[in-house]
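Notes for the one structure printed next.
Residue numbers (UniProt numbering): 1 to 812.
Okay, structure coming up:
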């Protein structure tokens, strides 16, 4: 046997069923080869290089749980991995194949392989029993035939039972027959009459031979009992009964009824029916025969897929002594019904597919089979139409599941693909299988900020390291592709990069101030924040962050008029004849802050004679409450405090001194506002008033020209709203008025304008000094102050300015 195996292994047959483009390769090997025996060279037969097998992850896929075959990736040799017993693997089938698939990746290829397992003569014929007996009456005429036990051999083809022989004797010969299923049977033929008186028992040896090389045999002993006269055997109505039966016939169904008659009389004519020795145990389990009536009924479910035809040999035995038997054949042909649903098998399944996979990418190979035959075995397969996948028909009952369009993981990240298969039977049967396909992520989405721009409000004098704003960007991708890091793009601020001003936490998006801001130096700046994911290649987006510095009351008022030295100032003398309401001087102060923080008020803290002097709360004007008397001190000292409206309030103080002197022209001060007699005006007074009016007009005209120039410059620079947005108009009762329904605040170094709720208001005053006269002072109120607080009505402003000019005229 070992020599036979070696001989077969040395020339394993390779059969190429079709060209390599179909991927179908067939080999033939004998069974029982040694482990490691050569089957074929896969690499050579597929036209591949040896190194491609490992690189492309060559794999063998088979439906068998046992791995009979294996491939060596180092040399491409397909070899025997486990003992192959054809009889155990395929049973009595005349052909036996081991089917498997060889899959290659990058790109995915599937090749079908079939290995035909050839039978070797490794089984000898055998009989169910070691001996059996036959009773033959001596009256039986020569030519009578007697069926013999059939030998069984699990081998197939020429290796199964091919002939029978009996030992040499004078009475019997052997007749051979071939059944419709191809099996050989033998009948004992009486060639010479028996004589019980001469020999009552005849012993024969029946030998069964197969056609293998070397030839094998099996034997059984036949004991022939020679009986006395019952010389007529039962005869059936027909030697052959043909029956067609559907495979799903219910149990107990009457298959057919046989009938035999016997020409003898009495007990020799009484017939009993049974299956002959030719009927196998499997057939005896499927069918039962009534010994009295000859009815054959179904006693176990049939299966067309197991066997399509059953041939039963029925014998009728009489009750004669010796008993005689007649024989007939019953051929039962099964009719297929649609009792098997299609079977769906998935091979080479790719559970994950990238979302950028090109249409036509293979996801799985699907095999659909149906055990039924004819139309009942014709199978159709489909998947739902509303998914980006489709089926491509391959060879018989094989499909490829491929992508039909581009995928988008952010819309659908997993597909449960229901594969439905149905046959063409009536009614059709179907089956389904669900394939889970996961779409893997690629970096195809840039991070997106939750706002296109942000505005951060920061109070000046903040502590370095304070968080001033938080930005958030989201990325719909997964894993590394969705990990967002933040950074600040370089953006010049006051001629410098933005990096010394702020920093950002790359993970959280929190923006921190790197320095303490000063509203008086920087009111606004803008930075660009970038969000970048960690994909490859990475994607990014940016958003603008406008940082607005809010004013804090960190600057105390500063007195600008009158000119002070060490916090003190001396103003011009007051005539002793000065009336009540006489303007001694006007204190003017500025505050570097804005809004409420720059809204100033003046208070008299201390005075030589508090009953003589009053200070305007808003104007800072120092006026006489009453007329100067001779009892008043000639030197008056005042302590004035200037307070802003911030929280907490900051202040500055100034000490003002003036003297009261006798006036040689007291009549000039008798009436401060109206001249009772025009004749009292001298030419000198008239010239003085004209000079004063001309000078004031020229000064106002100069201011208006400067304002016009400033407006023109701001317009050229593209400022939408600036100081020049204020419009000055002359009126009969208003020296200057600004009208602005909506104001804007311009920040240094930034082109954007920020709307503010307040207004810029300007106040003018005329104030005499000891050494010179200040005709006009301009005070700007910051825009952040409430409009209701800062805005002065045009009428009051006009009256106040008119009164100041009139008072100054009286003084001069």
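We treat Cβ as the ideally placed atom computed from N, Cα and C, and that holds for glycine.
Residue i to residue j span [Cα, whole Å]
i	j	result
residue 612	residue 658	12 Å
residue 275	residue 342	37 Å
residue 147	residue 186	6 Å
residue 407	residue 356	6 Å
residue 700	residue 600	25 Å
residue 177	residue 338	36 Å
residue 709	residue 508	49 Å
residue 512	residue 480	26 Å
residue 312	residue 263	25 Å
residue 53	residue 37	20 Å
residue 232	residue 117	51 Å
residue 629	residue 578	10 Å
residue 525	residue 595	20 Å
residue 671	residue 694	For residue 671, the pLDDT reaches just 40, beneath the cut-off of 50, and the residue's location in the model is therefore unreliable, although a value from the coordinates is still provided. In a straight line, the C-alpha of residue 671 is about 24 Å away from that of residue 694.
residue 489	residue 542	9 Å
residue 456	residue 506	18 Å
residue 145	residue 372	41 Å
residue 485	residue 531	6 Å
residue 183	residue 161	8 Å
residue 546	residue 527	7 Å
residue 642	residue 696	28 Å
residue 468	residue 440	38 Å
residue 353	residue 360	12 Å
residue 305	residue 483	59 Å
residue 719	residue 516	Annotation note: pLDDT 48 at residue 719 (below 50); position unreliable, no value reported.
residue 821	residue 376	Residue 821 falls outside the range modelled here, since the chain spans only 1 to 812, and no answer is possible.
residue 368	residue 163	42 Å
residue 821	residue 165	In the structure displayed, the chain extends from 1 to 812; residue 821 sits before or after that span and is not available.
7 Å Cβ cutoff met for residue i and residue j
i	j	result
residue 518	residue 475	no
residue 139	residue 229	yes
residue 813	residue 365	It is not possible to answer for residue 813, since the shown part of the chain is limited to 1 through 812.
residue 39	residue 79	yes
residue 191	residue 173	yes
residue 126	residue 218	yes
residue 71	residue 61	no
residue 234	residue 208	no
residue 549	residue 523	yes
residue 325	residue 315	yes
residue 437	residue 454	no
residue 236	residue 96	no
residue 258	residue 291	no
residue 590	residue 563	no
residue 330	residue 241	yes
residue 553	residue 597	yes
residue 362	residue 402	yes
residue 419	residue 433	yes
residue 56	residue 105	yes
residue 226	residue 136	yes
residue 153	residue 210	yes
residue 119	residue 64	no
residue 618	residue 581	no
Distance between beta carbons of residue j and residue i, contact taken as under 8 Å
i	j	result
residue 632	residue 660	6 Å
residue 654	residue 567	6 Å
residue 121	residue 212	2 Å
residue 299	residue 251	6 Å
residue 625	residue 640	With a Cβ gap of about 15 Å, residue 625 and residue 640 do not count as contacting.
residue 388	residue 404	5 Å
Practice problem: Indicate whether the contact test is met: 3 or more Cβ pairs, each with one atom in the stretch 330-337 and one in the stretch 347-363, closer than 8 Å. | Solution: Touching, no.
Exercise. With a floor of 4 residues, list each alpha helix (DSSP H) that falls wholly inside the UniProt domain "Cadherin" (128-236), ordered by position along the chain.
Key: none
Quiz item: Quick one: complete alpha helix (DSSP H) runs, 4+ long, within the stretch 16-71?
Solution: 42-45, 50-55
Self-check item: Runs of beta strand (DSSP E) lying entirely within the stretch 559-640, each at least 3 residues, in chain order
Solution: Runs found: 568-570, 583-586, 588-590, 600-607, 613-615, 621-624.
Quiz item: Below 8 Å, can you find three or more Cβ-Cβ pairs linking the stretch 100-114 to the stretch 195-211?
Solution: No, the stretch 100-114 does not touch the stretch 195-211.
Quiz item: Would you say the stretch 398-417 touches the stretch 438-446, given that touching needs at least three Cβ pairs under 8 Å?
Solution: yes
Exercise. Kindly provide the ranges of any alpha helix (DSSP H) runs that are 4 or more residues long and lie completely inside the stretch 268-350, ordered along the chain.
Key: 281-286
Quiz prompt | Runs of beta strand (DSSP E) wholly within the UniProt domain "Cadherin" (345-449) (minimum 3 residues, chain order) | solution = 352-354, 362-369, 379-382, 389-393, 398-403, 414-423, 430-440
Quiz prompt | Contained beta strand (DSSP E) runs [length at least 3] in the UniProt domain "Cadherin" (63-127), N- to C-terminal order | solution = 69-71, 77-80, 97-104, 109-118
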